[in-house]
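Chemist:
In the UniProt record's numbering, the protein residues as written are 1 to 180.
(1) Note the first and the last residue of the continuous alpha helix (DSSP H) segment covering residue 112.
(2) Any idea what DSSP makes of residue 20, helix, strand or coil?
(3) Taking the Cβ atom as the reference point for each residue, do residue 80 and residue 12 lie within a distance shorter than 9 Å?
(4) Using the beta-carbon count (16 or more within 10 Å), is residue 141 buried or exposed?
(5) Evaluate contact between the region 93 to 112 and the region 121 to 139, counting only Cβ atoms and requiring at least three cross-stretch pairs below 8 Å.
(6) Counting only the same chain and skipping the five closest in sequence on each side, list residues whose C-beta sits under 8 Å from that of residue 146.
(7) Going by beta-carbon coordinates alone, are residue 47 and residue 30 separated by less than 9 Å?
(8) Quick check on this structure: which residue in 60, 85, 73, 174 has the alpha carbon closest to the alpha carbon of residue 41?
(9) On the three-state DSSP scale, how would you describe residue 165?
(10) Decide if residue 84 is buried, meaning its Cβ has at least 16 other Cβ atoms within 10 Å, or exposed.
(11) Could you tell me the boundaries of the alpha helix (DSSP H) in which residue 156 lies?
Set out below in structure tokens:
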């Protein structure tokens, strides 16, 4: 039987190998592996890790793998999880870079990448709905993510400011509701 570090590496390497579309596309696969299959992390803890991984600099997929690995096995677990996430993409990009010139004008390759795009949108949407269910989002609270998205997308407000305001709002709300 494989030790826990091997399991962590294997889990994140599998996710890193078979996910196209970046960090948000990886979320449903990571959640399925670490929350549902392995039960290393609870749903609530995973939602908190998503929030934290979006609030710190860096690639979201690497951040969530580091937090998950740390939750499972501390510093070593976080390093193993990060390597599992990064190495498959690194080696795949290395291979693509070595042979890309031979295929860059191939019409079938271009069509393949164009066909993948809608699937990536779906992969990004899944964790949004899963997170909304996990945190018990309702019609009153849906205003917060919609307003945040509009501020960032439509009005060009920096996501950093939106996160800071949300964090401050959460603290104020927590203080206000704990006194009652």
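All residues carry an ideal CB built from backbone N, CA and C; glycine is no exception.
Modeler: With the structure as the only source:
(1) 107 to 134
(2) coil
(3) yes
(4) exposed
(5) no
(6) none
(7) no
(8) 73
(9) helix
(10) buried
(11) It is not in any alpha helix (DSSP H) - residue 156 carries neither H nor E in the DSSP assignment.
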